[in-house]
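To start, the structure itself, in structure tokens.
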Amino acid sequence: MIDRRAWRMRKLLDGDQPAPRWPAGIDVRTLKTPADAKAVHALLIRAYEGDEDIFPSAEDWWARFSGDPEFDGDLCFLAFDSKDGLAGVALCWTSAFLKDLAVRADMRRRGLGEALLLHVFSIFRARGATHIDLKVELDNAEGMRLYQRCGMVRVPWEG
Ligand SMILES: CC(C)(COP(=O)(O)OP(=O)(O)OC[C@H]1O[C@@H](n2cnc3c(N)ncnc32)[C@H](O)[C@@H]1OP(=O)(O)O)[C@@H](O)C(=O)NCCC(=O)NCCS
Numbered sequence: 068m069i070d071r072r073a074w075r076m077r078k079l080l081d082g083d084q085p086a087p088r089w090p091a092g093i094d095v096r097t098l099k100t101p102a103d104a105k106a107v108h109a110l111l112i113r114a115y116e117g118d119e120d121i122f123p124s125a126e127d128w129w130a131r132f133s134g135d136p137e138f139d140g141d142l143c144f145l146a147f148d149s150k151d152g153l154a155g156v157a158l159c160w161t162s163a164f165l166k167d168l169a170v171r172a173d174m175r176r177r178g179l180g181e182a183l184l185l186h187v188f189s190i191f192r193a194r195g196a197t198h199i200d201l202k203v204e205l206d207n208a209e210g211m212r213l214y215q216r217c218g219m220v221r222v223p224w225e226g
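Just so we're aligned, residue 68 is where the sequence shown starts under our numbering, counting upward by one.
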């Protein structure tokens, strides 16, 4: 369905991509444990300002997310800082779609969002994907700037 309040954006994964530059003290790994899932849910709720329709409970969110045929924990990237734990996430579907990108509020504007995005580009490029897409709301100015800065362009919604 066409969403008029949001753009579908695409990064073509051709040519050389810049390597991510992680802020100091950040470690990145994929989603492994039930504790990871809980921490991701808590971060998303705060990042998206607690939209209860999207995030009913950690258990329901996890059941729906991990039960999706396009789920793969190896395509869910978690960035941790050494002091306060989970600092940012990039959750991707196997169809080369970046479902969620979110950085903890106190860790924003340090380059973590950009590093996670560039990390996702490099992972999907290594998997042989030709492009990766995402959806961004028109009123999300920060997200728009980040995606355009990293070479993403608007593409039509299909269907
Ligand atoms: C969108 C979001 C992921 C960006 O994360 P972030 O870590 O702040 O992103 P970055 O730090 O890479 O870039 C943000 C800004 O900080 C600036 N910045 C990066 N490193 C910096 C540094 N060391 N010092 C000062 N500024 C810096 C960037 O230039 C950018 O500036 P701009 O917005 O004026 O262009 C984050 O705001 C967020 O989680 N928002 C809520 C959830 C959301 O909307 N997600 C996107 C859904 S589509």
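Cβ coordinates follow ideal geometry from the N, Cα and C atoms, glycine included.
When the Cα atoms are used, G140 and R71 turn out to be separated by approximately 30 Å.
Here K150 carries a coil assignment [DSSP, helix/strand/coil]. Secondary structure within the region 122-171: the alpha helix (DSSP H) runs of 4 or more consecutive residues, fully enclosed, are 125-133 (chain order). A86 has its CB no nearer than 8 Å to any heavy atom of ligand 1. Per the Cβ contact rule, the region 176-192 is in contact with the region 147-167 (3 or more Cβ pairs under 8 Å).
In the DSSP annotation of this structure, the continuous segment of the alpha helix (DSSP H) that includes K105 starts and ends at 101-114. Excluding the 5 residues flanking it on each side, V222 has same chain C-beta neighbours closer than 6 Å at R75, R77, in chain order.
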